[in-house]
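Written out below as structure tokens is the structure these notes cover.
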Amino acid sequence: MAENIFTLLMLILLQAVLGFDNLLYISLESKRAPLEKQRMVRSVGIGIAIALRIILLYVLVSVIKYFQDPFLELDSHFISGAISVHSLIVLFGGAFILYTAVKEIFHLVYLEEHAGDEKRGQSVTKTITMIVLMNLIFSFDSILSAMALSDVFWVMATAIVISGGLMIWLSDGVSKFLAKNRLYEVLGLFILFLVGVMLLSEGGHLAHLKIFGNEITPMSKTTFYFIIFILVVIDIVQGRYQRKLVQKKLKH
């Protein structure tokens, strides 16, 4: 029991670390719903996703071999590899997140005056569906990591439920922070862009993809968090520099 409790604490910590990018996506996606329903959208979306994640955990424990075995072989001068269900899901998730980040950055740069109305025009059902779908895509890595640490189902399921509760609690704070600090929304979108790149590289690695003979290698979590740290530092320095420029202009 003591070993299971220690493993549970480790899994909760692991879920929290791996859930950072998921939490950011949820906070940005929920802004598409009407303002008064955004909190409900986040809570319901995460709640449904957690229930489905436990079901997915049960399924993966039973049929993990079939998810990881290749079902499509690619062999040409341009591209080669072995596509599995797992790699296909990760590749799809990465491509979709990359598309979402680029589209939102485009809105911020060129269509700022129309972006707000467009975002809040999305239905509650569609927003919840997108949160659940992307939560499931993000959950593959966290579930497989949990399975590497423990083979006790109730330990893994409990960690998922607790981390889901933490995610619901933290999502409100992240969303409020982004709403009050619009400049950090740009930073958040570029971090989301990095998440897409990371998932694409991971999916390509899982599929053993080679493009023109060059094997795709996954971006490590260490590299990912280091780049985020650099982006945050740049954003802070740039913000302070801009404020000093504004103050200097006001004095003159």
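Each residue of the sequence shown is one higher than the last, beginning at 3 in our numbering.
The beta carbon of each residue, even a glycine, is placed where N, CA and C say it ideally should be.
Legend entry - When L208, T225, V65 are compared against L74, the one with the closest alpha-carbon: L208
Inset, instruction - Evaluate N6 with the Cβ neighbour count: other Cβ atoms within 10 Å of its Cβ, from every protein chain shown; 16 or more gives buried, anything less gives exposed. - result: It counts as exposed.
Inset, instruction - Check the DSSP bridge columns for K212 and list the partner residues they point to. - result: S82, E217
Inset, instruction - Check D77 in the structure and name its three-state DSSP category. - result: strand
Legend entry - Helix, strand or coil at D119 [DSSP, three-state]: Reliability of the predicted coordinates at D119 is poor, the pLDDT of 48 falling under 50, and no value is obtained from them.
Inset, instruction - Taking V235 as part of the alpha helix (DSSP H), name the residues at either end of that continuous run. - result: 223–253
Inset, instruction - Decide if the stretch 43–59 is in contact with the stretch 188–202; the criterion is three or more beta carbon pairs, one per stretch, under 8 Å apart. - result: The answer is no - the stretch 188–202 does not touch the stretch 43–59, with fewer than three Cβ pairs under 8 Å.
Legend entry - Inter-residue spacing [alpha-carbon to alpha-carbon] between S173 and F140: 16 Å
Legend entry - Contact under 8 Å by Cβ, V157 with L58: no
Legend entry - Option in K33, V63, V46 with minimal Cα separation from A159: V63
Inset, instruction - Sort out for me which residues DSSP pairs P72 with in a bridge. - result: S86
Legend entry - S125 (DSSP reduced to helix, strand or coil): coil
Legend entry - Same chain, Cβ closer than 7 Å to G205, neighbours up to 5 away in sequence not counted: S89, V92, L93, G96
Legend entry - Own chain partners of I14 with C-beta closer than 7 Å, once the 5 adjacent residues on each side are dropped: A161, I164, S165
Inset, instruction - State yes or no: is the C-beta of S29 within less than 8 Å of the C-beta of S125? - result: No, the Cβ-Cβ distance between S29 and S125 is not below 8 Å.
Legend entry - Local conformation of A51 per DSSP, three classes: Of the three classes helix, strand and coil, the one that applies to A51 here is helix, per DSSP.
Inset, instruction - Put A35 into one of helix, strand or coil per three-state DSSP. - result: coil
Inset, instruction - Just tell me which of I236, N216, I232 has its CA closest to the CA of S82. - result: N216
Inset, instruction - Tell whether a beta-carbon distance below 8 Å holds between A103 and L26. - result: no
Legend entry - Straight-line gap, T219 to I50 (C-alpha atoms, nearest Å): 33 Å
Inset, instruction - Indicate the three-state DSSP secondary structure (helix, strand or coil) for V61 in the structure shown. - result: Of the three classes helix, strand and coil, the one that applies to V61 here is helix, per DSSP.
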